[in-house]
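Protein chains in written order, with the working numbering: chain X, 87 to 144; chain D, 5 to 328. Cβ coordinates follow ideal geometry from the N, Cα and C atoms, glycine included. Inspection log for the structure reproduced underneath, given as structure tokens.
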Amino acid sequence: MSVDKEALAQDRIRLSAAQQRRRRSRSVALALILGGVVALFYLVTVAKLGSNILVRPL
Amino acid sequence: MVGEPTAISGVRMASSDRLEAKTSSDTDKLLGGEVGDYFALLKPRVMSLVVFTAFVGLMIAPGALHPVIGFTALLAIAIGSGAAGALNMWFDADIDAVMRRTAMRPVPAGRVAASEALAIGVILSVGSVAVLGLITNWIAAALLALTIVFYVVVYTMWLKRLTPQNIVIGGAAGAMPPVIGWAAVTGGISVESALLFAIIFLWTPPHFWALSLYRSDDYRRAGVPMLPVVRGVKETKRQILLYSIILGIFAPAPALIGMATPIYGVLAAALGVLFVWLAWQTWRMADDDREMRPARRLFGFSLLYLFLLFAILLVEQGIERVMT
Numbered sequence: 087m088s089v090d091k092e093a094l095a096q097d098r099i100r101l102s103a104a105q106q107r108r109r110r111s112r113s114v115a116l117a118l119i120l121g122g123v124v125a126l127f128y129l130v131t132v133a134k135l136g137s138n139i140l141v142r143p144l
Numbered sequence: 005m006v007g008e009p010t011a012i013s014g015v016r017m018a019s020s021d022r023l024e025a026k027t028s029s030d031t032d033k034l035l036g037g038e039v040g041d042y043f044a045l046l047k048p049r050v051m052s053l054v055v056f057t058a059f060v061g062l063m064i065a066p067g068a069l070h071p072v073i074g075f076t077a078l079l080a081i082a083i084g085s086g087a088a089g090a091l092n093m094w095f096d097a098d099i100d101a102v103m104r105r106t107a108m109r110p111v112p113a114g115r116v117a118a119s120e121a122l123a124i125g126v127i128l129s130v131g132s133v134a135v136l137g138l139i140t141n142w143i144a145a146a147l148l149a150l151t152i153v154f155y156v157v158v159y160t161m162w163l164k165r166l167t168p169q170n171i172v173i174g175g176a177a178g179a180m181p182p183v184i185g186w187a188a189v190t191g192g193i194s195v196e197s198a199l200l201f202a203i204i205f206l207w208t209p210p211h212f213w214a215l216s217l218y219r220s221d222d223y224r225r226a227g228v229p230m231l232p233v234v235r236g237v238k239e240t241k242r243q244i245l246l247y248s249i250i251l252g253i254f255a256p257a258p259a260l261i262g263m264a265t266p267i268y269g270v271l272a273a274a275l276g277v278l279f280v281w282l283a284w285q286t287w288r289m290a291d292d293d294r295e296m297r298p299a300r301r302l303f304g305f306s307l308l309y310l311f312l313l314f315a316i317l318l319v320e321q322g323i324e325r326v327m328t
């Protein structure tokens, strides 16, 4: 079965400049939120475990 | 290319020309809104009151949390509140669209798809409850889950469109944050946290009915059975005055059980007198008053009133901790 690549390319959604800008800012916001959540969970882990964080079987 | 149908998530578009955002609001919705639109889904203004009252509950509870745990617990409560707001916007998009006050919210305005609001609401609900349970205790998490379910299912889906008592019963959800904050520290509910709940619960009807008096046309158009729409302006004013008197009498109660000092009691009583006076002014307002300035003043003051009551409790607790 042959695939008409040109037809597929034409069939794609073309984002307007405004849509691209919005998508970029959503991506940046999501990345910042995810980074923040990771940092927060790390701090919470340290706060919950305290000095026990160093106690672990080797 | 022109005329070639394109399938996007089940929506078929007639031509690529229509795929340009400015010419197709459906495509625009499918491709997402501004970051601010998603933040608006969380009802940030409501969230600020939730965070503040939860913070007071957390701070005045006997015991203490590590600052990082306390901050994360507050964040979880705030996100849980925001999730409930997103689910409310998802379900109420039809009535929000016909009310002036809410028509520009992201879902009715078409900037965010309803399905996105639903997904964000569900994910944040589950996430906030799980985080609160894991970092504090599961009583606090269960209370947060109950609050979200109560607000979304009992208030939004059931009572709001059914009865003029919608905000009286639904107000229980808004009264829960200090109870959750308290439970995050103590692992349970007590008379003190129940008192904080009762103050907000009694405050909610005069607060919202004052708003609904001068927004009654909006509610009528949307078919929401708010008290002024169903029972008229006169009855609403009477109910506002009644609840304001009960609130004014009840608000100093924390001083009587030793939860706050007599200074709180005196200040709460003074604020209560002012609240009742504004409710009295609203009661005296003509039923056909178009401006409804007394109702607007009461609504504005009610926000300050609740903030001040909780701020006094917080300051007293801070002073007590410094002194001991």
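Where residue i falls, given that 16 or more other Cβ within 10 Å makes a residue buried
i	result
D/S248	buried
X/R98	exposed
D/Q243	buried
D/S337	Outside the modelled stretch of chain D, which goes from 5 to 328, sits residue 337 of chain D, for which no answer is possible.
D/A68	exposed
D/Y155	buried
D/V183	buried
D/Y309	buried
D/P2	A question about residue 2 of chain D goes unanswered here, because the residues of chain D that appear run from 5 up to 328.
X/V141	exposed
X/V130	buried
D/A290	exposed
D/M51	buried
X/V132	exposed
D/S129	buried
D/P66	exposed
X/K91	exposed
D/K238	exposed
X/G122	exposed
D/M263	buried
D/P298	buried
D/Y268	buried
D/N170	buried
Continuous alpha helix (DSSP H) stretch holding residue i: start and end
i	result
D/S132	118-139
D/I193	No alpha helix (DSSP H) holds D/I193; DSSP gives it neither H nor E.
D/I261	Looking at the DSSP string, D/I261 is not in any alpha helix (DSSP H), and its letter there is neither H nor E.
D/Y247	236-254
D/G269	266-288
D/P48	48-64
D/F75	71-95
D/V39	39-44
D/V153	142-153
Whole-Å CB distance - residue i paired with residue j, under 8 Å assumed
i	j	result
D/T240	D/L215	Going by Cβ atoms, the distance from D/T240 to D/L215 rounds to 11 Å, so no, they are not a contact pair.
D/D41	D/V116	5 Å
D/A145	D/L136	5 Å
D/G36	X/R107	Incorrect: roughly 11 Å between the Cβ atoms, too far for contact.
D/L317	D/G185	Not confirmed; about 12 Å, so no contact.
D/P229	D/T140	About 38 Å separates the two Cβ atoms, so there is no contact after all.
D/V1	D/A149	Residue 1 of chain D falls outside the range modelled here, since chain D spans only 5 to 328, and no answer is possible.
D/A176	D/F205	6 Å
D/M327	D/R225	55 Å between Cβ atoms; not a contact.
D/M161	D/A121	Not really, about 14 Å apart at Cβ, beyond 8 Å.
D/L45	D/P112	D/L45 to D/P112, Cβ: 12 Å. No contact.
Helix, strand or coil at residue i according to DSSP, with G and I counted as helix
i	result
D/S306	helix
D/E324	helix
X/V141	coil
D/S216	helix
D/K26	In this predicted model, D/K26 has a pLDDT of only 39, less than 50, meaning its place in the structure is not dependable; the value taken from the coordinates is given anyway. Of the three classes helix, strand and coil, the one that applies to D/K26 here is helix, per DSSP.
D/E295	coil
D/D222	helix
D/K164	coil
D/R115	coil
D/G185	helix
X/R109	helix
D/M180	coil
X/L115	Rather than Leu, the amino acid found at residue 115 of chain X in this sequence is Ala. Here X/A115 sits in helix by DSSP.
D/F314	helix
X/L101	coil
D/A107	coil
D/V228	coil
D/D98	helix
D/A202	helix
D/G174	helix
X/G122	helix
X/G136	helix
Members of the segment 61-95 of chain D near chain X, C-beta cut-off 7 Å: H70, V72, I73, T76
Would you list, in chain order, the members of the segment 38-51 of chain D that have their beta-carbon closer than 8 Å to a beta-carbon of chain X? E38, V39, Y42
Taking Cβ-Cβ distances below 7 Å as the criterion, which residues of the segment 130-150 of chain D are in contact with chain X? I139
For the segment 148-179 of chain D, which residues have a beta carbon sitting closer than 8 Å to at least one beta carbon of chain X? none
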